[in-house]
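Start counting at 1 in the sequence shown, then tack on 466, and there's your number in the working numbering. Note that the Cβ used here is the ideal one computed from N, Cα and C, for glycine as well.
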Amino acid sequence: MPLIPEEPQIHESAQGPRATTATGRTAPTPRPVPGPRNAATPRPGRPGPGQARPTPPPAQRTHGSAAPASSVPSPQLENRSVPQIQLIPAPPAGALDAAGEAVDLLLDSGRAPEDILVLTTGEQHPWAAHELSFGEAAYWAQHDAGDDVFYADAASVDRADARPVVVVAVNGGTDDETARALPGAMDRAGALLIVCGDAQRINALLGAGV
467 MPLIPEEPQI
477 HESAQGPRAT
487 TATGRTAPTP
497 RPVPGPRNAA
507 TPRPGRPGPG
517 QARPTPPPAQ
527 RTHGSAAPAS
537 SVPSPQLENR
547 SVPQIQLIPA
557 PPAGALDAAG
567 EAVDLLLDSG
577 RAPEDILVLT
587 TGEQHPWAAH
597 ELSFGEAAYW
607 AQHDAGDDVF
617 YADAASVDRA
627 DARPVVVVAV
637 NGGTDDETAR
647 ALPGAMDRAG
657 ALLIVCGDAQ
667 RINALLGAGV
């Protein structure tokens, strides 16, 4: 009798970088929708681009060392309401720069500026410090306008609106302060949470149920 050909296998695939889960399997990292960058000229008071920064793929970005960025799986990763978490290793003194590079990469990849919220656990981002010098009312009015990247202290995360991407620079603060900031940041992130800081410390906080 004729041989029945083996049924072909159908494999799922997804474009973009992939995150490694605790079981060794891979899960797709949400990737910005390609498109033109619409924030070429920073508004007054926003930090300028400075020197040109390298823009390798997100899963391979490093800061100050050859250690690749790793992804920290969420315990509820398969729940679509939980954002993908990406960790970019950086020392506390370099976490702010790493967060800035992540924002640049997101914008260059087509992510709209108003999609991004940046939080700091230590010293304020220079943009936030500058805008706060004009008073909190004017500062939060820019947040409410929702037309650009917004920078805030992680301690005030409860006052910030949710955005598709939240970037956290763990550039200071105690473990308790960081442990309180990460769940708030996760709640505000619609698709992707990027955490820049000491990998061992952040992994320990996330592993503790943050």
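Assigned with DSSP and collapsed to three states, ARG625 falls in helix.
As a beta-bridge residue in DSSP terms, GLN550 pairs with LEU658.
Here PHE600 is not bridged, per DSSP, to any residue. Counting only the Cα atoms, GLY601 lies some 30 Å from LEU658. For VAL584, the enclosing beta strand (DSSP E) starts and ends at 582-586. Where ASP570 is concerned, the enclosing alpha helix (DSSP H) starts and stops at 561-574.
Segment contact: the segment 620-630 against the segment 581-599, three or more CB-CB distances shorter than 8 Å; contact assigned.
In the three-state reduction of the DSSP assignment, ALA578 falls in the coil class, being assigned neither a helical nor a strand state.
The residue among PRO579, VAL636, ALA559, VAL634 with its C-alpha nearest the C-alpha of GLN608 is PRO579.
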